[in-house]
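Sequences listed follow chains A and B, in order. Using this note's numbering, you'd call the opening residue of the first sequence number 1 and step up by one each time. Using this note's numbering, you'd call the opening residue of the second sequence number 259 and step up by one each time. Beta carbons: idealized from backbone N, C-alpha and C, even for Gly. Notes follow the structure.
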Amino acid sequence: MPVFHTKTIESILEPVAQQVSRLVILHEEAEDGNAMPDLARPVQVVKMAVDNLVKVGYDTVNVSEDQILKQDMPPALQRVEEASFLLLDASDMLRADPYSAPARKKLIEGSRGILQGTSALLLAFDESEVRKIIRICKSVLEYLAITEVVDCMEDLVKFVKNLSPVLTKMAKEVDLREKELTHQVHREMLVRSLEEVKALTPVLISAVKIFVSTKSQGAGGVKESQGNRDFVVRKLCDEINEIIRVLQLTTYDEDEWE
Amino acid sequence: DAPEMVRQARVLAQATSQLVNAIKGQAEG
Numbered sequence: 001m002p003v004f005h006t007k008t009i010e011s012i013l014e015p016v017a018q019q020v021s022r023l024v025i026l027h028e029e030a031e032d033g034n035a036m037p038d039l040a041r042p043v044q045v046v047k048m049a050v051d052n053l054v055k056v057g058y059d060t061v062n063v064s065e066d067q068i069l070k071q072d073m074p075p076a077l078q079r080v081e082e083a084s085f086l087l088l089d090a091s092d093m094l095r096a097d098p099y100s101a102p103a104r105k106k107l108i109e110g111s112r113g114i115l116q117g118t119s120a121l122l123l124a125f126d127e128s129e130v131r132k133i134i135r136i137c138k139s140v141l142e143y144l145a146i147t148e149v150v151d152c153m154e155d156l157v158k159f160v161k162n163l164s165p166v167l168t169k170m171a172k173e174v175d176l177r178e179k180e181l182t183h184q185v186h187r188e189m190l191v192r193s194l195e196e197v198k199a200l201t202p203v204l205i206s207a208v209k210i211f212v213s214t215k216s217q218g219a220g221g222v223k224e225s226q227g228n229r230d231f232v233v234r235k236l237c238d239e240i241n242e243i244i245r246v247l248q249l250t251t252y253d254e255d256e257w258e
Numbered sequence: 259d260a261p262e263m264v265r266q267a268r269v270l271a272q273a274t275s276q277l278v279n280a281i282k283g284q285a286e287g
């Protein structure tokens with residue numbers, strides 16, 4: 001079971017997470033009492049990287065219209081910044097006393113804080129990207145809701161013209177997201193629903209067409225063709241709602257659920 | 259084409275790895 005639910009987050013955090021946990025184990029196993037080297041330079045490099053990240057993070061918050069992102073990002077940025085202060089403190093303390101035990105503790109807390117803060121930051125950002133995809137899915141649902149007012153060929157042409165680009169965009173975004181996920185089951189669920197949506201789209205257009213021509217001919221079978229059209233719309237909506245549900249899943253949710 | 263924030267997070271993770279390596283080098287030695 002993967003720990004990080006996207007390949008991007010995994011590639012960024014997995015290596016450092018392993019190193020930090022190894023550091024914690026080393027610290028717990030042996031307070032070996034050796035003198036620490038001068039860590040001023042690597043700590044300074046971390047501090048500069050934190051400053052850049054914090055700047056870009058607040059820029060992202062300022063330009064975003066996503067209220068949840070605006071709420072979630074600042075605490076994560078503060079966490080990263082506070083962790084970098086712990087590292088700076090530790091580095092200063094070690095210069096004065098290379099054997100300082102409190103300094104070693106601060107190094108561990110600082111490294112852990114950077115990891116946790118960066119993780120929270122990336123998750124907040126990722127969730128906001130997912131919300132963007134969900135908005136696209138919801139706009140498709142909105143288009144599908146107006147299927148029932150399509151009752152002439154002219155409307156049908158306009159309906160298809162409007163629906164096609166937003167459906168294509170949704171398919172592209174969901175496809176990219178699926179490839180980003182580390183969780184195989186979630187990937188398969190998205191692939192299955194997306195395939196279903198693709199297969200149902202021409203069926204929907206055909207069902208609307210049959211309804212429109214049946215109605216215009218004034219012949220029997222209007223009710224049946226309307227029922228068929230509504231059935232296809234419902235199936236499409238169900239699949240899109242399933243996509244929305246799966247997009248919001250993380251491996252963490254599933255662990256909790258189990 | 260990763261957004262700038264993701265790129266900066268990667269840079270920080272790499273810098274932290276190097277720092278932890280420096281600390282660990284001492285702890286393991």
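Rounded distance between the beta-carbons of residue j and residue i, thought under 8 Å
i                      : j                      : result
residue 56 of chain A  : residue 262 of chain B : 5 Å
residue 136 of chain A : residue 166 of chain A : 7 Å
residue 247 of chain A : residue 133 of chain A : 6 Å
residue 156 of chain A : residue 150 of chain A : 5 Å
residue 277 of chain B : residue 43 of chain A  : 6 Å
residue 281 of chain B : residue 88 of chain A  : That pair is no contact at about 14 Å.
residue 314 of chain A : residue 103 of chain A : For chain A, the structure presents residues 1 to 258; residue 314 of chain A sits outside this window and is missing.
residue 54 of chain A  : residue 69 of chain A  : The pair is not a contact, with the Cβ atoms about 15 Å apart (cut-off 8 Å).
residue 235 of chain A : residue 200 of chain A : 6 Å
residue 225 of chain A : residue 152 of chain A : Contact flag wrong, Cβ pair sits at about 14 Å.
residue 52 of chain A  : residue 269 of chain B : 7 Å
Given residue i as reference, the closest of the options once Cα atoms are compared
i                      : options                  : result
residue 266 of chain A : A:112, A:233, A:4        : Nothing in the structure corresponds to residue 266 of chain A, since chain A is present only between 1 and 258.
residue 86 of chain A  : A:71, A:46, A:177, A:125 : A:46
residue 139 of chain A : A:241, A:88, A:8         : A:241
residue 160 of chain A : A:135, A:177, A:202      : A:202
residue 128 of chain A : A:78, A:81, A:65         : A:65
residue 48 of chain A  : A:26, A:18, A:80, A:131  : A:80
residue 105 of chain A : A:200, A:25, A:225, A:51 : A:25
DSSP bridge partner residues for residue i (one or two, in chain order)
i                      : result
residue 181 of chain A : A:6
According to a CB-to-CB cut-off of less than 7 Å, which residues of the region 48-68 of chain A neighbour chain B? Residues are counted here when their Cβ sits less than 7 Å from a Cβ of chain B; for the region 48-68 of chain A these are 49, 50, 52, 53, 56, 57, 60, given in chain order.
At a Cβ cut of 7 Å, what residues of the region 7-23 of chain A count as close to chain B, listed as they run along the chain? Cβ contacts with chain B come from 8, 12, 13, 15, 16, 19, 20, 22, 23.
What residues in the region 125-138 of chain A have a beta carbon less than 8 Å from any beta carbon of chain B? Listed by position, the residues of the region 125-138 of chain A near chain B (Cβ gap below 8 Å) are 125.
For the 8 Å Cβ check, are there 3 or more pairs between the region 265-284 of chain B and the region 112-125 of chain A? The region 265-284 of chain B, when compared against the region 112-125 of chain A, does touch it at the 8 Å Cβ threshold.
For the region 33-43 of chain A and the region 91-106 of chain A, state whether three or more C-beta atom pairs, one from each stretch, are separated by less than 8 Å. Judged by Cβ distances under 8 Å, the region 33-43 of chain A makes contact with the region 91-106 of chain A, as three or more pairs qualify.
The region 64-75 of chain A touching the region 119-131 of chain A, judged by at least three CB pairs closer than 8 Å: Using a C-beta cut-off of 8 Å, the region 64-75 of chain A makes contact with the region 119-131 of chain A, since at least three inter-stretch Cβ pairs fall below that distance.
Touching by the beta-carbon criterion (3+ pairs, under 8 Å), the region 206-226 of chain A and the region 178-192 of chain A: No, the region 206-226 of chain A does not touch the region 178-192 of chain A.
For the region 110-123 of chain A, list every residue whose C-beta sits within 8 Å of some C-beta in chain B, in sequence order. Taking 8 Å as the Cβ-Cβ cut-off against chain B, the residues of the region 110-123 of chain A that qualify are 111, 114, 115, 118, 121, 122.
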